[in-house]
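S.K.: Note that the protein sequences, when read in sequence, are chains V and F.
Its first residue numbered 1, the first sequence is counted upward by one per residue in the working numbering.
Its first residue numbered 1001, the second sequence is counted upward by one per residue in the working numbering.
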Amino acid sequence: MTQVLAARMGKITAEMEMVADREGLSVEFIRAGVASGKIVIPKNKLRKPVNACGIGQGLRIKVNALIGTSSERDRIAMEEKKLAVAEAAGCDALMDLSTGGDIDGMRKMTMAKAGVPLGSVPIYQAAIEAIEKHGAIVDMTAEDMFASVEKQAAEGIDFMAIHCALNFDVIRRLQASGRVTDVVSRGGAFLTGWMLHNQKENPLYQQFDRLLAILKEYDVTLSLGDSIRPGSTADSLDGAQLQGMIIAGELVARSQAAGVQVMVEGPGHVPMHHVESTMLLQKRLCNGAPYFILGTLATDVAPGYDHITSAIGGALAGAAGADFLCYVTPAEHLGLPTEEDVKDGVIAARIAAHAADLARGDKRALERDLQMARARVALDYDRQIGLSIDPPKWGDKKHHGQDHCCTCGKECAAQIAARYFGIS
Amino acid sequence: MTQLKKALEGEVTAEMRQVAQSEGVTAEFIREGVAAGTMVIPRNVRHSIANPVAIGTGLRTKVSASIGLHGGEAAIPEELAKITAAVDAGTNAIMDLSVSGDIDAMRRAALALSPVPVGTLPLYQALAEAGQKYGSTAKMKVEDLFAVIERHASDGVDFLAMHCGTTMDIVERAKKDGRIDPLVSYGGSHLIGWMIYNQAENPLYTNYDRVLEIARRYGATISLADGMRPGCLADSLDGPQVQELVVLGELVRRAREAGVQVMVKGPGHVPLNQLKATVTLQKSLCKGAPYFVFGPVVTDIAAGYDHISAAIGGAISAWAGAEFLCYVTASEHISLPDAHQVREGVMASRIAAHAADLARGLPGAAEWDLEISQARKVLDWKKQIELSIDPDRAGRLRKERSDDASEGCAMCGKYCAMKVVSEYLGTARQTC
Chain V
1 MTQVLAARMG KITAEMEMVA DREGLSVEFI RAGVASGKIV IPKNKLRKPV
51 NACGIGQGLR IKVNALIGTS SERDRIAMEE KKLAVAEAAG CDALMDLSTG
101 GDIDGMRKMT MAKAGVPLGS VPIYQAAIEA IEKHGAIVDM TAEDMFASVE
151 KQAAEGIDFM AIHCALNFDV IRRLQASGRV TDVVSRGGAF LTGWMLHNQK
201 ENPLYQQFDR LLAILKEYDV TLSLGDSIRP GSTADSLDGA QLQGMIIAGE
251 LVARSQAAGV QVMVEGPGHV PMHHVESTML LQKRLCNGAP YFILGTLATD
301 VAPGYDHITS AIGGALAGAA GADFLCYVTP AEHLGLPTEE DVKDGVIAAR
351 IAAHAADLAR GDKRALERDL QMARARVALD YDRQIGLSID PPKWGDKKHH
401 GQDHCCTCGK ECAAQIAARY FGIS
Chain F
1001 MTQLKKALEG EVTAEMRQVA QSEGVTAEFI REGVAAGTMV IPRNVRHSIA
1051 NPVAIGTGLR TKVSASIGLH GGEAAIPEEL AKITAAVDAG TNAIMDLSVS
1101 GDIDAMRRAA LALSPVPVGT LPLYQALAEA GQKYGSTAKM KVEDLFAVIE
1151 RHASDGVDFL AMHCGTTMDI VERAKKDGRI DPLVSYGGSH LIGWMIYNQA
1201 ENPLYTNYDR VLEIARRYGA TISLADGMRP GCLADSLDGP QVQELVVLGE
1251 LVRRAREAGV QVMVKGPGHV PLNQLKATVT LQKSLCKGAP YFVFGPVVTD
1301 IAAGYDHISA AIGGAISAWA GAEFLCYVTA SEHISLPDAH QVREGVMASR
1351 IAAHAADLAR GLPGAAEWDL EISQARKVLD WKKQIELSID PDRAGRLRKE
1401 RSDDASEGCA MCGKYCAMKV VSEYLGTARQ TC
């Protein structure tokens, strides 16, 4: 039985209990959220126990990190280090997006090492294998796609990004709208190419019930891949994106009816004044399903700093209702991230998530900031370090030395003020 | 005569023409903004500035970087190197916030070096000198303070930051209201201590006309600093902060009446959901005077990454109407920044400023995004790097992260989405 079917029958699962405990909420709140589809707990039946992670309304905003080999960089050992770095930096979930070398071996490693829910994009492997098998991605068969989903589900993947919400309606809108950056989603690009070459509808859309049956069997959470996410601020909230969102909404309804946990992936490059509307539209069209967003990147012009453009967008989006932030690293748009980039990406996304939690009035988040403020007033550097988002970052620099001292003599004016306020 | 007085008399100054050109607006638009007090052009009559800037409504959001001597190991050459790093990174202004050492020499060197406006906080030097002269900063004489203000103005400082609105009323309210962190601002804290020790009202408030007279004489812009900026999220928009803002609004009016250009300094630590209200209040109480905000950082816990926290707060504040962002570096709350952190801090602020310009539909902002995205679409790497906010870093990262290996990048390698889709949509060149 899937988490959502259990929840609807009033049954409390071990995962719901773990999530309730970690969030400091009642397990009934979690159960009701899962039952209504507003919360998902990605956890494959066959996966070893991990830190269960609830994603959705009323919960702390979660952060996802991406690792994986590519055709240019296919060293599993390097990715294993990044996995460890991402978890140490505090990511709540991981996705293995491998497209190069030993993809099976890579997944086996991530599955063994990751202590958090693990996601994948099965179409990547299907597409890469199609090149070996048939000579080209576009010669991939529908059976290849489903076989890849089935195989990865049977291996224990907790959530899968699958680009079901792409169909010819969306492609026609795309062709009519004159986008600047067309399709920037890799999975979306593979399928768009496949559909146009074969002049056939997307099998993952057309045979959606078949897909749901596989996911249901293993309780894999469906993460509806966004094929049509904006790749430039100019493309945000255009007809093609909204057509994709409308179709995603239909598929959410069908997933929820089938008892399959579902969340929706989204933006991308979004100017700040579009963020709130984007979140509102998704929540409205997708029946309150959790929103898993990339970034959002608040401008196109900052390659090398896209963890920062994403922190800006992610914080705004989180405050407006996004539930799950996919990190963006400083290497985005330029190359494959290093370990340092992975760490910077996770921390930046966590800052955004926390800023949004604070804006949403999350009591535990507010309390942590208050404790930090008190530690600062007390000049208690050990507590400040402990309460920081990344304690090792302090290194050996413990003393700020600016707050209350300068080159004055014994009767320091700031000390007098401190005594006045009773804090010296 | 000040820029403001000339603007009010209908005169378009050379500086107005110069900034109009760099902003892509008419000189008359600038003159009107300066006359209305919704724009300032910080420029001391004794300081020649290669790149004058205007700050205010309808213009690009500007960025300021702070440097300065601080503590025993501080040295002028290192601080000058930070100015160079900040200017290279594209800062629009520099603040020299020296609190120790040879403050006069530092300031004069900064003024000579900087091609952008320079601001200072004269109270710091007055405190340091009182410490040396009387053995206590609390024993600073009012005359000493004004002598230092005069010295800064006559040296050519373009904008003077002064805590003129931190009155005894407000200090008492901070105590009564139980502010978590009443001593955030370095200058504000010492000034409060001085007021308590001497049982006297804030001399910058009681002698405000004298402050204005000095500023007017040298054409310096006043930056009304806030002694009650929130130092933690819990203190944001509390009684003392808002009351000080009310007083600052009164001081803005008096500055304008005296023909002195004025802007208002603000936050601090502000939760994301209070940013817009903060800016709206300032705009209302201070009658549209430019708002110069520090950060704001949107959480208290991001020590080591406060440039990112500040980019979030800065972007949203500037979108809401703040026109001038004071950078926060990654070393904030931990130590003093090195030149690398200065550069990174300026870049983070510039990203925030541009994201805001884009969101508020400033002419030209969307065009920059469009150009780089078009280059991205056709995998024109040379152009992408050139159009990046920091071409050096973008170029270096591309080299290191992709070995310049493919026409795509090492993230997607052969399976670049741009390439796959272009083949079938026929929307771009097919070479990659």
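Just so you know, even glycine gets a beta-carbon here, dropped at the ideal spot from N, CA and C.
Using Cβ-Cβ distances below 7 Å, what residues of the segment 1367 to 1381 of chain F are close to chain V?
M.R.: So the list reads Trp1368, Asp1369, Leu1370, Ile1372, Ser1373, Gln1374, Arg1376, Lys1377, given in the order they occur along the chain.
S.K.: Which whole runs of the beta strand (DSSP E) in the segment 1275 to 1308 of chain F are 3 residues long or more, in chain order?
M.R.: For the segment 1275 to 1308 of chain F, whole beta strand (DSSP E) runs of length 3 or above, ordered along the chain, are 1291 to 1294.
S.K.: Would you please verify whether the beta carbon of Ile1192/F is less than 8 Å from any beta carbon of chain V?
M.R.: Locating residue 1192/F in the second sequence gives position 192, where the first residue counts as 1. Yes - at least one Cβ of chain V is within 8 Å of the one on Ile1192/F.
S.K.: For a cutoff of 8 Å on Cβ pairs, would you count Glu1011/F as touching chain V?
M.R.: Position 11 of the second sequence, counting from 1, holds the residue named residue 1011/F. No, Glu1011/F lies away from the interface with chain V (no Cβ there is under 8 Å from its Cβ).
S.K.: If you draw a straight line from the alpha carbon of Glu332/V to that of Asp219/V, how long is it in whole angstroms?
M.R.: Translated into the one-based positions of the first sequence, residue 332/V becomes position 332. Translated into the one-based positions of the first sequence, residue 219/V becomes position 219. Distance between the alpha carbons of Glu332/V and Asp219/V is about 32 Å.
S.K.: Pick out whichever of Glu1244/F, Glu1213/F, Ser1236/F, Leu1212/F has its Cα sitting closest to the Cα of Ala1225/F.
M.R.: The residue you call residue 1225/F lines up with position 225 of the second sequence. The shortest C-alpha separation from Ala1225/F is found at Glu1244/F.
S.K.: Using the DSSP secondary-structure output, state which residues sit across from Ile293/V in a beta bridge.
M.R.: Sequence index remark: in the first sequence, residue 293/V carries index 293 (1-based). Partner(s): Gly266/V, Leu325/V.
S.K.: Which class does Ile131/V belong to by DSSP, given the choice of helix, strand or coil?
M.R.: Walking along the first sequence from the start, residue 131/V turns up at place 131. Helix.
S.K.: What do you get for Leu280/V, buried or exposed, if any count of 16 or more other CB atoms within 10 angstroms of its CB means buried?
M.R.: Here residue 280/V corresponds to residue number 280 of the first sequence, with the count starting at 1. That one is exposed.
S.K.: Taking the alpha-carbon of Gly156/V as reference, which of Leu46/V, Ala6/V, Leu97/V, Glu80/V has the nearest alpha-carbon?
M.R.: For the purposes of this step, residue 156/V is identified with residue 156 of the first sequence, where counting begins at 1. Gly156/V has its Cα closest to that of Leu46/V, out of Leu46/V, Ala6/V, Leu97/V, Glu80/V.
S.K.: With a threshold of 8 Å between beta-carbons, can Leu5/V be considered close to chain F, or not?
M.R.: As a first step, residue 5/V is located in the first sequence; it is residue number 5 there, counting from the start. No, because no Cβ of chain F sits closer than 8 Å to the Cβ of Leu5/V.
S.K.: Determine contact between the segment 289 to 303 of chain V and the segment 321 to 330 of chain V, defined as no fewer than three beta-carbon pairs at a distance below 8 Å.
M.R.: Taking 8 Å as the limit for Cβ pairs, the verdict is that the segment 321 to 330 of chain V does touch the segment 289 to 303 of chain V.
S.K.: Should Ser1064/F be flagged as near chain V, meaning a C-beta pair shorter than 8 Å?
M.R.: Position 64 of the second sequence holds residue 1064/F. Not closer than 8 Å to any Cβ of chain V, the Cβ of Ser1064/F fails to qualify, so no.
S.K.: Indicate whether Val1099/F and Ala1054/F have their beta-carbon atoms separated by less than 8 Å.
M.R.: In the second sequence, residue 1099/F corresponds to position 99, counting from 1. In the second sequence, residue 1054/F corresponds to position 54, counting from 1. It is not a contact, given that the beta carbons lie outside the stated cut-off.
S.K.: Counting only beta-carbon separations shorter than 8 Å, does Gly1364/F have a partner in chain V?
M.R.: Taking the first residue of the second sequence as 1, we reach residue 1364/F at position 364. No, Gly1364/F lies away from the interface with chain V (no Cβ there is under 8 Å from its Cβ).
S.K.: In three-state terms, what does DSSP make of Thr192/V?
M.R.: Translated into positions along the first sequence, residue 192/V becomes position 192. Looking at Thr192/V - three-state DSSP - the assignment turns out to be helix.
S.K.: Within a Cβ cutoff of 8 Å, which residues of the same chain sit near Leu336/V, ignoring the five residues on either side of it in sequence?
M.R.: Locating residue 336/V in the first sequence gives position 336, where the first residue counts as 1. Around Leu336/V: Ser70, Glu72, Arg73.
S.K.: Smallest Cα separation from Val1034/F: which of Gln1261/F, Tyr1186/F, Ala1303/F, Tyr1134/F?
M.R.: Within the second sequence, the letter at position 34 stands for residue 1034/F. If we check each option's Cα against that of Val1034/F, Gln1261/F comes out closest.
S.K.: Going by beta carbon distance, what residues of the same chain come within less than 6 Å of Ala153/V, once the five residues before and after it are set aside?
M.R.: As a first step, residue 153/V is located in the first sequence; it is residue number 153 there, counting from the start. Same-chain partners within the cutoff: Ile214, Tyr218, Val220.
S.K.: For Leu1212/F, which of Glu1009/F, Arg1060/F, Ala1161/F, Gln1199/F has the nearest alpha-carbon?
M.R.: On the second sequence, residue 1212/F is found 212 positions in, with the first residue counted as 1. Considering only alpha carbons, the answer is Ala1161/F.
S.K.: By the 10 Å Cβ neighbour count, where 16 or more other Cβ atoms means buried, how is Asp382/V classified, buried or exposed?
M.R.: Taking the first sequence and counting its residues from 1, one reaches residue 382/V at position 382. It is exposed - the Cβ of Asp382/V has fewer than 16 other Cβ atoms within 10 Å.
S.K.: May I ask you to report which of helix, strand or coil DSSP gives Phe421/V?
M.R.: Position 421 of the first sequence, counted from the first residue, corresponds to residue 421/V. Looking at Phe421/V - three-state DSSP - the assignment turns out to be coil, as it is neither helix nor strand.
S.K.: By Cβ distance, which residues of its chain are closer than 7 Å to Ala1089/F, with the 5 residues on each side in sequence left out?
M.R.: Here residue 1089/F refers to the residue found at position 89 when the second sequence is read from its first residue. The residues are Arg1343, Val1346, Met1347.
S.K.: Establish whether the CB of Met1016/F and some CB of chain V are separated by less than 8 Å.
M.R.: Counting from 1 along the second sequence, the entry for residue 1016/F is found at position 16. Cβ-Cβ to chain V under 8 Å: no for Met1016/F.
S.K.: Going along chain V, which residues have a C-beta under 7 Å from Gly1304/F?
M.R.: Here residue 1304/F is taken as the residue at index 304 of the second sequence, counted from 1. Result: Ser388, Asp390, Lys393, Trp394.
S.K.: Can you list the residues of chain V that His1354/F reaches, using a CB-CB cut of under 7 Å?
M.R.: Within the second sequence, numbered from 1, the residue matching residue 1354/F stands at position 354. Near His1354/F (Cβ distances below 7 Å), the residues of chain V are Thr299, Val301.
S.K.: Using a Cβ-Cβ cutoff of less than 7 Å, which residues in the same chain neighbour Thr1026/F once the five nearest sequence positions on both sides are dropped?
M.R.: Within the second sequence, residue 1026/F is the residue found at index 26, counting from 1. Cβ within range, chain order: Ala1020.
S.K.: Closer than 8 Å, Cβ to any Cβ of chain V: which residues of the segment 1223 to 1236 of chain F, in chain order?
M.R.: Against chain V - using a Cβ distance shorter than 8 Å - the residues of the segment 1223 to 1236 of chain F are Gly1231, Cys1232, Leu1233, Ala1234, Asp1235.
S.K.: Going by beta carbon distance, what residues of the same chain come within less than 7 Å of Phe190/V, once the five residues before and after it are set aside?
M.R.: Along the first sequence, one-based indexing puts residue 190/V at 190. Closer than 7 Å at the Cβ level, and outside the excluded window around Phe190/V, lie Ile123, Ala127, Ile137.
S.K.: Could you tell me which of Ala93/V, Met16/V, Val116/V sits nearest to Ala35/V, measuring between CA atoms?
M.R.: Residue numbering aside, residue 35/V sits at position 35 when the first sequence is read from its first letter. When only C-alpha atoms are compared, the closest one is Met16/V.
S.K.: Are the CB atoms of Val342/V and Ala65/V within a distance shorter than 8 Å?
M.R.: Counted from its first residue, the first sequence places residue 65/V at position 65. Counted from its first residue, the first sequence places residue 342/V at position 342. Their beta carbons are under 8 Å apart, which means Ala65/V touches Val342/V by this criterion.
S.K.: Is there a Cβ of chain V sitting closer than 8 Å to that of Lys1175/F, yes or no?
M.R.: In the second sequence, counting from the first residue as 1, residue 1175/F sits at position 175. Cβ-Cβ to chain V under 8 Å: yes for Lys1175/F.
S.K.: State buried or exposed for Asp306/V, treating a residue as buried only when at least 16 other CB atoms are found within 10 Å of its CB.
M.R.: Sequence index remark: in the first sequence, residue 306/V carries index 306 (1-based). With 16 or more Cβ atoms within 10 Å of its Cβ, Asp306/V is classed as buried.
S.K.: If contact means a Cβ-Cβ distance below 7 Å, which residues of the segment 260 to 278 of chain V contact chain F?
M.R.: The segment 260 to 278 of chain V vs chain F, Cβ under 7 Å: Pro271, Met272, His273.
S.K.: Considering only residues of the same chain and omitting the five flanking positions on each side of Ser177/V, which have a CB-CB separation below 7 Å?
M.R.: Walking along the first sequence from the start, residue 177/V turns up at place 177. Once the five neighbours on either side are set aside, the close Cβ partners of Ser177/V are Asp238, Gly239, Ala240.
S.K.: Under 8 Å, with one C-beta from each stretch per pair, do the segment 370 to 389 of chain V and the segment 1310 to 1323 of chain F reach the 3-pair mark?
M.R.: At 8 Å Cβ cutoff, the stretches do not touch.
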